[in-house]
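In what follows, a structure is listed as structure tokens, so that the remarks can point back to it.
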Amino acid sequence: MTSKPKIFYPMRILLVSIFLLVKGISGIPLLKSLSYSNPNLMQLRDEVSQNIERWRNHKPIFLKWRKYRIRKGDNFFKVMAKTNLNHETIASVNRLASYWDLKPGDVWIIPNMRGIARYGKKADLAKTFRTSIASIFPVPGQKGLYFIPGMRFEKLERKFLSGQAFIRPVSGRLSSNYGIRKDPFTKKSEFHRGIDIACPLGSKVKAAASGRVIFTGWKSGYGYTVILEHSAGYRTLYGHLKKILVKKGQKVKQGNVIALSGKSGKATGPHLHFEVLRKGRRIKPHFVG
Numbered sequence: 005m006t007s008k009p010k011i012f013y014p015m016r017i018l019l020v021s022i023f024l025l026v027k028g029i030s031g032i033p034l035l036k037s038l039s040y041s042n043p044n045l046m047q048l049r050d051e052v053s054q055n056i057e058r059w060r061n062h063k064p065i066f067l068k069w070r071k072y073r074i075r076k077g078d079n080f081f082k083v084m085a086k087t088n089l090n091h092e093t094i095a096s097v098n099r100l101a102s103y104w105d106l107k108p109g110d111v112w113i114i115p116n117m118r119g120i121a122r123y124g125k126k127a128d129l130a131k132t133f134r135t136s137i138a139s140i141f142p143v144p145g146q147k148g149l150y151f152i153p154g155m156r157f158e159k160l161e162r163k164f165l166s167g168q169a170f171i172r173p174v175s176g177r178l179s180s181n182y183g184i185r186k187d188p189f190t191k192k193s194e195f196h197r198g199i200d201i202a203c204p205l206g207s208k209v210k211a212a213a214s215g216r217v218i219f220t221g222w223k224s225g226y227g228y229t230v231i232l233e234h235s236a237g238y239r240t241l242y243g244h245l246k247k248i249l250v251k252k253g254q255k256v257k258q259g260n261v262i263a264l265s266g267k268s269g270k271a272t273g274p275h276l277h278f279e280v281l282r283k284g285r286r287i288k289p290h291f292v293g
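Per this note's numbering, the very first residue in the sequence shown carries number 5; after that it's consecutive.
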């Protein structure tokens, strides 16, 4: 049985009434297709437009949720455009690390309002976004993740999402890509969690983005390794190094030389192993240009 909408009074310059219909993910209506002939899709698009207009005019917003199962041929921009949402809404609600972070079978949560989702405590989020606790809503099926209507990503976070925040860490040839490959040692098909860039021994390894050094030293399989922490929950890993030139806790700028490439650890020859992680989960690296 569908519960009645609860009335809240958030603050966004003026008080705004928001009616929120909260359901568990199993009870969320399924958006069966992204075809404009689907009346449910057209209803969603209308609701988004109406809610945006209400928000701008400080009128009541009706927040509802739907879910959509990714199909073969779908991509981030198609889903975004068809649902009348924006980059930050789709990406943050579904905890995506990049525009390419999807595969057939994934189930995405689709709100009928634009905004962003953040982990944290309601009181802290309310302070950060200068709104009331009542205007922050739980994302169905995601413990500790809250939706803040009408908010946008900062410029740097949009860069990370689009892959425009990272530069290539070393000059060389891509010798092994991210994804399934035949392991050079076991000869079995295994998932390669980063990319390998073939380069001469002792090549300068640069910070792919500005950040802070959180690890230097030896890691099993990786050999001599440096890990940098960046904004928005991103980290980069640089493995098989010959020499480390930074210390733990040191701040570095994009392009600073942090190490010299090598073949330490489990390596068949001189190259740099490079990984990008978002909140502990490895994703496919993308570079500016």
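Glycine is no exception: its CB is placed at the ideal position from the N, C-alpha and C atoms.
Can you tell me which of the three DSSP states residue i falls into?
i           : result
residue 112 : strand
residue 240 : strand
residue 120 : strand
residue 196 : strand
residue 261 : strand
residue 134 : coil
residue 190 : coil
residue 156 : coil
residue 170 : coil
Are there 16 or more other CB atoms within 10 angstroms of the CB of residue i, so buried, or fewer, so exposed?
i           : result
residue 62  : exposed
residue 40  : exposed
residue 57  : exposed
residue 204 : exposed
residue 111 : exposed
residue 200 : buried
residue 43  : exposed
residue 245 : buried
residue 178 : exposed
What separation, rounded to the nearest whole angstrom, lies between the Cα atoms of residue i and residue j?
i           : j           : result
residue 240 : residue 258 : 12 Å
residue 252 : residue 233 : 11 Å
residue 168 : residue 212 : 11 Å
residue 206 : residue 105 : 33 Å
residue 276 : residue 37  : 43 Å
residue 283 : residue 100 : 10 Å
residue 214 : residue 84  : 29 Å
residue 196 : residue 186 : 9 Å
residue 68  : residue 127 : 23 Å
residue 71  : residue 172 : 36 Å
residue 209 : residue 242 : 8 Å
residue 142 : residue 148 : 7 Å
Pop quiz: residue i and residue j are said to be a contact at Cβ under 8 Å. What is the actual Cβ separation, rounded to whole angstroms?
i           : j           : result
residue 64  : residue 93  : Incorrect: roughly 20 Å between the Cβ atoms, too far for contact.
residue 250 : residue 262 : 5 Å
residue 31  : residue 73  : About 16 Å separates the two Cβ atoms, so there is no contact after all.
Is the region 113-122 touching the region 151-167 in the sense that three or more CB pairs, one from each, lie closer than 8 Å? yes
Examine the Cβ distances between the region 268-275 and the region 216-226 and report whether three or more of them are shorter than 8 Å. yes
Do the region 284-292 and the region 166-182 meet, that is, are 3 or more Cβ pairs less than 8 Å apart? yes
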